[in-house]
Amino acid sequence: MDRRAFGAAVLSGGASLAALSQPAPMPCGRPKGGLGEQDLRDYIAAFNRSDFDGFSKYYAADVKFEGRAGTFNSRDQVVAFYREVKSRMVETVTIKDLIVGENDMVANIVTNLLALRDWAEFPTGPLKKGQIIISENFAWYEMKNAKFVHIRSAGYRRS
Amino acid sequence: MNNMTGRRFFATRLFTAGCAAVTATAAAPSMAADPAAGSCTPKPAMSRERFLAYIDAFNKDDYTSFGDYYAEDVLLVIAGKRELRGRQAIFDFYKEVKSQTQRTIQVNKFIGTANRIAAELESEFLALEDLPNFTAGPMKKGGRIFINTFVIYDLVNGKFKQIRSAEFRKIDRQLTAPVKA
């Protein structure tokens, strides 16, 4: 419940003036950017099950996405890229660490790629069918109005 | 962001950004209300100001001051490969880097939580001599490399226990003309 909703609930509940004169207990609200830890976990879960509507709803229409495999400047571009990726491989992301701020969050994520077929032109290097690539990346998410507006990924390690 | 105007902008963004951030991580302690802040976010393990003081000490080669931020058994992992354990190992590494380059770090972004912080750092390396085997790549005297890294710091008792750094971007601005000695 956000602060406005909380205040509305108090008022609609007919609270006494005396009660209103006391500082209301502050609920644990969402970060200013509108997304919290559970949102990121839900986003990743949707991504892992290839729920394109489910994960892309977290993107602003003009999201800037700077991933290891390319840079994109809109939600549509990101989704198109991942439709291609997921038609050629199984990509599973696991969150190891998560640091949530008011307008930013940083996740240490492990990405597991399993190539379903050869992909010579894969942006980070040619892939052979059956090949598995595991990488650990630090992803920095900037958020506004409960959407990701900028996502950047930094490579930490790869095996 | 690759010019001084841009760099100043980045620094300004840091100082003018809203109140730092601080919600729970997977291993977060219980949430305690902070009436002063008007929220129930936990107190960060390190404030933005204290972290900036650390970077300032680093930039000034003040080893005593910035070394005080490290736990005795601190572990620094650079790009998931190079591991340096203990203050002295870190000092030795930086002393070598700083003997070859003038390194200046600025903080572009900062998030503080109860037991961990994250920062985006932009490091400028100015080569003081030709460095064909420099750790960040070959450099010519007078050349500059700018590296943006995302760094995660795990803290125990207010000190850095583990530091992990991942490279986001490297911009190489080597000189094409020779530098006069």
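Protein chains in written order, with the numbering used here: chain G, 54 to 212; chain C, 2 to 182.
Just so it is clear, CB atoms sit at the ideal spot from N, CA and C, and this is done for glycine as well.
Query                                                                                                                         : Result
Cross-strand partners of Q91(G) (DSSP beta bridge)                                                                            : According to DSSP, Q91(G) bridges with nothing at all.
Run of the beta strand (DSSP E) containing Q89(C), from where it starts to where it stops                                     : It is not in any beta strand (DSSP E) - Q89(C) instead sits in the alpha helix (DSSP H) that spans 88 to 101.
Buried or exposed by the 16-neighbour rule on C-beta atoms within 10 Å, applied to P43(C)                                     : buried
Per-residue DSSP class, three states only, for N3(C)                                                                          : Low confidence applies to N3(C): its pLDDT is 39, below 50, so where it sits in the model is not reliable, and the reading given next is rough at best. Here N3(C) sits in coil by DSSP.
Where W193(G) meets chain C, residues with beta-carbon distance less than 7 Å                                                 : E121, F151
Beta-carbon proximity of E168(C) to A99(G), cut-off 8 Å                                                                       : no
Min CB distance E50(C) to chain G below 8 Å                                                                                   : no
Beta-carbon contacts of S140(G) that lie in its chain and below 6 Å, excluding the five residues immediately before and after : none
Partner residues on chain C for V116(G), Cβ-Cβ distance less than 8 Å                                                         : The premise fails here: V116(G) is roughly 17 Å from chain C at the closest Cβ pair, so nothing lies under 8 Å.
Simplified DSSP assignment, three categories, for R104(C)                                                                     : strand
Cβ pair S123(G), P176(G) closer than 8 Å                                                                                      : Going by the sequence as given, residue 123(G) is Gly instead of Ser. For G123(G) and P176(G), yes; Cβs fall inside 8 Å.
Residue-chain proximity (F147(C), chain G), Cβ-Cβ < 8 Å                                                                       : no
CA-to-CA distance, L76(C) to I148(G), given in whole angstroms                                                                : 21 Å
Inter-residue spacing [alpha-carbon to alpha-carbon] between Y111(G) and Y96(G)                                               : 7 Å
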